[in-house]
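K.L.:
Take a look at the following structure, please.
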Amino acid sequence: MSQNGPGNTARNILVVGAGPAAWRFVRAYHEGAQDAGRTSDTITVLNDEPYIPYDRVAIEQLFKDTDKDLTLGDPALWDESTINLVSNTRGESLNRESRVVKGSDGVDYPYDVLVFATGSSAVRIPIPNADCAHVFRTADDVKNMVSEVERLQTKLGRAPRGIVVGGGLLGLEAAEGLKDLGAEPTILDVAPWLLSVEVDQGGGYAVNAQIKATGIDIETGAFISAINKDASGEVISVSVADSTSDEAVIHQIDADLVVFAAGIRPNDELARAAGLETGERGGILVNNACHTSDEHIWAIGEVACVLGRTWGLVAPANAMADAVAKNLLNGNEDAQVEEFDIATKLKFSGVQVAGFGDRRGTTEGCLEILFADPARGMYQKIVTSGDAKTLLGGVFVGDTAPFDSLKPLLGRELPAEPNVYLTAAGGGDGIPDTELPDDAILCSCNNISFGEVRQAVVDGNHDVPALKACTTAGTQCGSCVPMLQKTLEQQMKKMGMTVSKALCEHFDFSRAELAEAVRLTNLDDFDSVIARFGHGGDGCAICKPTVASILSSFRNSYVLDAGRGGLQETNDRALANMQKNGTYSVVPRIPAGEIPAKKLAVIAAVADEFNLYVKITGAQRIGMFGARLEQLPYIWERLVDAGFESGQAYGKSLRNVKSCLGSTWCRYGVQDSVGMAVELENRYRGLRSPHKFKFGVSGCNRECAEAQGKDVGLIATTNGWNLYLGGNGGANPAHGRLFVKDASSEEVVRYIDRYLMYYIRTADKLQRTARWLEDLDEEHGDGLAHLQSVLIEDSLGVCEDLERDMQRHVDSYQDEWAATLKDERRLRRFRAFINEPDGSDEAAHLFVLEREQIRPATPEEIAAAEKGEGNTVLVTGAKIPVGPPSAHNPVPANA
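Residues 1 to 895 in the UniProt record's numbering are what the sequence shown spells out, letter by letter.
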């Protein structure tokens with residue numbers, strides 16, 4: 001056996017507790033022992049469970065698979081000769097003078113150094129029959145709940161009714177677990193909104209809406225006062241008091257089992273009995289080095305009271321464990337904890353929630369830039385300094401895409417305007433692809449910086465699994481994995497290396513491979529696709545909209561039905577394009593820019609009635625701007641009645657077909673460019689694709705429609721049409737390439753059918769046709785020649801299939817807004833409240849949207865709103881509104 005260095009006497013380190021903090025300490029000490037000359041030190045770990053230390057953060061996975069392996073790290077760690085894991089044993093008593101802990105197995109465990117890592121226990125609320133409630137804290141707790149639900153299902157012959165007490169993260173996970181088991185859960189919480197610690201009030205109401213939408217009932221502002229049993233001892237109901245009333249108003253809720261998930265209490269009894277100092281609210285009191293009042297004793301994790309409080313998160317526990325390991329190895333207290341990253345990114349029942357920094361905007365002089373649409377469970381808030389430059393915090397519900405890019409910038413100057421990061425509000429072209437500084441933290445659980453990850457890539461780790469193994473980034477909660485993937489790709493590109501085409505961590509397929517797989521199967525929902533072709537899970541901000549686009553391309557059913565609404569980007573979910581101030585644009589389709597005077601009059605009347613700003617867009621269409629979400633159905637009702645369709649300015653699809661006057665009017669025109677443009681726009685309207693695409697049709701070589709700058713361009717000749725492909729305007733323009741000359745109208749349509757379907761099948765995610773053609777150049781030497789071979793000569797034998805797919809789209813097309821207006825269920829998406837609730841009297845701020853005005857809600861409507869029913873909306877606050885008031889729906893002065 002290796003010996004300790006000169007002057008280093010071998011010592012016995014005793015760790016009481018075997019949760020994640022204990023595992024982290026043991027691993028860190030063992031890995032550092034060689035360099036510190038302490039390889040003869042022994043570590044004994046008292047573990048009161050029968051399992052090797054496992055990931056308690058992930059125990060909700062046991063609801064679906066009770067045999068799932070949640071072991072932390074490499075289990076070979078516990079086979080090391082210097083490490084002794086004693087299972088099914090807890091510390092019973094501590095004698096600080098003799099430095100001995102007596103275990104529940106009757107054995108005395110002496111120590112030179114004692115590390116408390118006893119964690120915490122679930123709180124049992126002191127009410128009648130509390131002893132018959134389940135708790136949600138350990139693997140056995142979950143397994144007991146699984147057995148109980150199975151027993152009740154057999155006995156009752158129906159779905160058991162479960163009451164989960166507590167609306168924090170544990171409560172939501174327990175409720176989701178019960179739902180997965182086939183029970184009918186209801187969450188009770190004393191706060192007005194769920195996740196009251198993680199999110200602010202506006203975000204909380206959005207969480208409430210999303211959780212209700214999953215089929216989990218909630219009762220907020222409710223205190224449980226008793227668990228009621230029948231004569232046989234079975235739970236039959238719970239008694240609940242209304243926390244908003246001065247009187248003890250009690251009502252009963254039927255229940256078959258109860259789960260307490262209402263908080264945790266540090267397991268400090270052993271330390272307290274031994275006379276160690278404890279915090280005011282519990283926990284073993286330690287200094288910033290995690291040293292207790294006893295020189296031989298340290299404390300880490302949830303049992304430690306440091307920086308004025310106890311901490312129930314992974315990142316603080318890891319930081320404390322690492323600090324103690326370093327201090328013991330180095331014989332000093334140089335490693336200290338000064339502050340913790342308490343950012344959280346959560347996902348349950350498909351609901352995404354994230355928050356970091358100053359979530360409630362308490363910093364003096366700060367600004368809060370927010371978007372709120374609780375009808376769709378969307379809420380995003382960014383908190384900045386008064387000059388809108390320095391990032392102070394953020395809250396995201398429903399769409400957490402900005403979290404990964406923003407969290408590392410906490411306390412730093414934002415590289416773009418804050419509103420750009422409000423992805424749920426359609427913040428421009430999306431989050432800036434900014435390379436974050438080396439000293440910024442990528443993985444807060446393990447305190448791994450961007451610089452460390454980049455260096456690991458330089459050192460030869462060129463995929464996410466290798467980076468995880470090398471740096472430990474992304475190995476615990478996993479929320480940083482998308483940013484890990486992005487940083488890997490950025491660094492590999494800088495090194496001139498080929499980047500993996502895998503769509504994301506959930507799919508090893510490229511976008512093109514996944515599109516082909518979906519096309520060849522009958523799968524028509526995301527869950528089926530990820531189960532068949534992915535690695536399981538809920539997906540991410542990369543794969544969800546990609547799969548939604550693929551399904552729309554090949555199935556062509558209503559884009560927001562069958563769970564597809566939650567996959568879509570914000571603009572697609574609203575069937576309208578979000579503008580920078582949070583309002584929406586209305587852009588009806590005007591094929592080729594040709595419009596009768598009567599339709600012009602309808603647009604004018606609608607714009608006047610709803611007080612909308614009107615502009616001729618760059619795509620030869622008439623855009624109306626400034627509509628609020630709840631106004632969109634009324635606006636589109638008028639437009640659809642007049643014969644308009646959605647122009648799909650919001651989709652990754654055909655935007656427009658621009659044309660000149662052509663031979664009908666222009667003395668230079670040699671072909672009917674307007675007629676051809678109308679035909680093409682009506683043929684390809686609504687076609688979903690990897691990115692938006694545009695057409696141009698010019699009636700002669702004067703090129704007034706600028707067809708050579710479009711994805712598909714036609715220029716008339718005396719003998720037919722010249723067809724150009726792969727042009728793009730925008731920030732990175734590309735000239736279209738001549739595909740075929742003097743083609744007939746029938747040939748042109750056939751080639752375009754094949755071209756678009758081939759693009760949809762083979763392009764990468766969010767790849768414009770110009771970039772796709774450039775990739776074909778790299779792959780085949782000459783991308784245009786490849787297209788000519790495939791689409792004209794049919795070298796791959798796919799042309800018939802491509803044409804068939806396109807004809808299927810043409811035959812099954814339906815206007816999305818017309819379909820929406822016919823279905824009351826679909827129209828519910830367009831209920832929205834204007835701003836974040838401000839905590840004042842809620843009844844005074846409940847209003848009902850009607851076509852001509854917003855009126856105060858009646859008491860009956862307020863009661864319905866509290867149940868999540870009716871059509872009431874909240875209109876409150878002095879913060880930035882989702883949209884400005886209009887003459888059509890004036891907002892009360894307090895909004």
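Just so you know, even glycine gets a beta-carbon here, dropped at the ideal spot from N, CA and C. Just so it is clear, the structure is predicted and the values come from calculations on it, not from any experiment.
1) Strictly by DSSP, which residues pair up with K64?
2) With P185 as the anchor, note down where its beta strand (DSSP E) starts and where it stops.
3) Excluding the five sequence neighbours on either side, which residues of its own chain have a C-beta within less than 8 Å of the C-beta of K143, listed in chain order?
4) Specify the secondary structure class of W298 as computed by DSSP and reduced to three states.
5) Which partner residues does G720 have in the DSSP bridge list?
6) To which residues of the same chain is A743 closer than 8 Å at the C-beta, ignoring the five residues directly before and after it?
7) Does the contact criterion of 3 or more C-beta pairs under 8 Å hold for the segment 287–302 versus the segment 212–228?
8) Report all residues from its chain with a CB closer than 8 Å to the CB of A130; omit the five preceding and five following residues, and keep chain order.
9) Could you tell me whether any non-hydrogen atom of the ligand ATP is closer than 7 Å to the CB of Q631?
10) I want to know whether the segment 652–668 touches the segment 695–712 - three or more CB-CB distances under 8 Å.
11) Between the segment 330–344 and the segment 364–384, do at least 3 Cβ pairs fall closer than 8 Å?
12) Can you tell me whether A701 is helix, strand or coil according to DSSP?
13) In its own chain, which residues sit with a C-beta less than 6 Å from the C-beta of K710, not counting the 5 before and 5 after it?
14) Are the Cβ atoms of V587 and T617 separated by less than 8 Å?
15) Does DSSP put T820 in a helix, in a strand, or in coil?
16) Count the other CB atoms within 10 Å of the CB of S585; is the residue buried (16 or more) or exposed (fewer)?
17) Which residues mark the beginning and the end of the beta strand (DSSP E) in which D742 is found?
18) Give the secondary structure of I448 by DSSP, where H, G and I count as helix, E and B as strand, and everything else as coil.
19) Name the two residues that bound the continuous alpha helix (DSSP H) containing E219.
20) Put M578 into one of helix, strand or coil per three-state DSSP.
21) Straight-line CA distance for P20 to R309?
22) Hey, how far is the Cα of A273 from the Cα of R56?
23) Measuring CB atoms only, is the segment 788–795 touching the segment 523–537, in the sense that at least three cross pairs come out at less than 8 Å?
24) Measuring CA to CA, which of A642, V640, I603 is closest to F625?
25) Between A819 and the rest of its own chain, which residues show a CB-CB distance below 8 Å, the 5 nearest in sequence each way excluded?
26) Quick check on this structure: which residue in F25, A642, D815, W636 has the alpha carbon closest to the alpha carbon of R329?
27) Grouping DSSP H, G and I as helix and E and B as strand, with all else coil, what is V100?
28) Which residues does DSSP list as the beta-bridge partners of I227?
29) Please state whether DSSP places M378 in a helix, a strand or coil.
30) Given this structure, state the Cα-to-Cα distance separating W311 from A304, to the nearest angstrom.
31) Taking only the alpha-carbon atoms, compute the straight-line gap between C470 and A456 and give it to the nearest angstrom.
32) Using C-beta distances below 6 Å, list every residue in its chain close to D105, excluding the 5 sequence neighbours before and after it, in chain order.
33) Taking the CB atoms as reference points, tell me whether A255 and G394 lie closer together than 8 Å.
34) Taking the C-alpha atoms as reference points, what is the distance between F223 and P128?
35) D268 to G283, Cα distance in whole Å?
36) Could you give the first and the last residue of the continuous alpha helix (DSSP H) run that contains K155?
P.N.:
This is what the structure holds:
1) Locating residue 64 in the sequence shown gives position 64, counting from the first residue. None, per the DSSP bridge assignment.
2) In the sequence shown, the residue the question calls residue 185 occupies position 185. Residues 184–189.
3) As a first step, residue 143 must be located in the sequence shown, where it is residue number 143. Correct list, in chain order: L62, T66.
4) For the purposes of this step, residue 298 is taken as residue 298 along the sequence shown, with counting starting at 1. In this structure, W298 counts as strand in the three-state DSSP scheme.
5) For the purposes of this step, residue 720 is taken as residue 720 along the sequence shown, with counting starting at 1. DSSP, once it has assigned bridges, lists T717 as partnering G720.
6) Taking the first residue of the sequence shown as 1, we reach residue 743 at position 743. These residues qualify, in order along the chain: G720, W721, N722, L723, Y751.
7) no
8) Taking the first residue of the sequence shown as 1, we reach residue 130 at position 130. So the qualifying residues of the chain are R124, I227, F260.
9) Looking for the ligand ATP in the displayed structure turns up nothing, as the structure carries no ligands at all.
10) yes
11) no
12) Looking up residue 701 in the sequence shown gives position 701. Strictly speaking, residue 701 in this sequence is Asn, with Ala absent from that position. Looking at N701 - three-state DSSP - the assignment turns out to be coil, as it is neither helix nor strand.
13) Translated into the one-based positions of the sequence shown, residue 710 becomes position 710. Cβ within range, chain order: K694, F695, G696, G727.
14) The sequence position of residue 587 within the sequence shown is 587, counting from 1. The sequence position of residue 617 within the sequence shown is 617, counting from 1. Yes.
15) The count along the sequence shown starts at 1 and reaches residue 820 at position 820. Helix, per DSSP.
16) One-based indexing of the sequence shown puts residue 585 at position 585. Label assigned to S585: buried.
17) The residue you call residue 742 lines up with position 742 of the sequence shown. Run containing D742: 737–743, per the beta strand (DSSP E) assignment.
18) Taking the sequence shown and counting its residues from 1, the one referred to as residue 448 is at position 448. In the structure shown, I448 sits in a strand (DSSP, three-state: E or B).
19) As a position in the sequence shown, residue 219 is number 219, starting the count at 1. Note, E219: premise wrong, no alpha helix (DSSP H); beta strand (DSSP E) at 217–220.
20) For this step, residue 578 is matched to residue 578 along the sequence shown. DSSP places M578 in strand when its eight states are reduced to three.
21) Here residue 20 corresponds to residue number 20 of the sequence shown, with the count starting at 1. Here residue 309 corresponds to residue number 309 of the sequence shown, with the count starting at 1. Approximately 19 Å between the Cα atoms of the pair.
22) Counted from its first residue, the sequence shown places residue 273 at position 273. Counted from its first residue, the sequence shown places residue 56 at position 56. Computed Cα separation, rounded: 27 Å.
23) no
24) Counted from its first residue, the sequence shown places residue 625 at position 625. Among A642, V640, I603, the Cα nearest to that of F625 belongs to I603.
25) Within the sequence shown, numbered from 1, the residue matching residue 819 stands at position 819. If we look at A819 and ignore the five residues flanking it on each side, its Cβ neighbours are Y558, R826.
26) Along the sequence shown, read from residue 1 onward, the residue named residue 329 stands at position 329. Reading the sequence as shown, one finds Leu at residue 329 and not Arg. Nearest C-alpha to L329: F25.
27) For the purposes of this step, residue 100 is taken as residue 100 along the sequence shown, with counting starting at 1. DSSP places V100 in strand when its eight states are reduced to three.
28) Position 227 of the sequence shown, counted from the first residue, corresponds to residue 227. DSSP, once it has assigned bridges, lists V238 as partnering I227.
29) Translated into positions along the sequence shown, residue 378 becomes position 378. DSSP places M378 in strand when its eight states are reduced to three.
30) Counting from one through the sequence shown, the residue named residue 311 turns up at place 311. Counting from one through the sequence shown, the residue named residue 304 turns up at place 304. So the alpha carbons of these two residues sit roughly 8 Å apart.
31) Taking the first residue of the sequence shown as position 1, residue 470 is located at position 470. Taking the first residue of the sequence shown as position 1, residue 456 is located at position 456. If you take the alpha carbons of C470 and A456, they lie about 7 Å apart.
32) The residue given as residue 105 occupies position 105 in the sequence shown. The answer, listed in chain order, is T89.
33) Sequence index remark: in the sequence shown, residue 255 carries index 255 (1-based). Sequence index remark: in the sequence shown, residue 394 carries index 394 (1-based). Result no, Cβ atoms of A255 and G394 do not sit closer than 8 Å.
34) As a working mapping, residue 223 is identified with position 223 in the sequence shown. As a working mapping, residue 128 is identified with position 128 in the sequence shown. Straight-line Cα distance between these residues: approximately 13 Å.
35) Along the sequence shown, one-based indexing puts residue 268 at 268. Along the sequence shown, one-based indexing puts residue 283 at 283. Near 6 Å, if we compare the C-alpha coordinates of G283 and D268.
36) Here the question's residue 155 lines up with position 155 in the sequence shown. From DSSP, the alpha helix (DSSP H) with K155 extends over 139–156.
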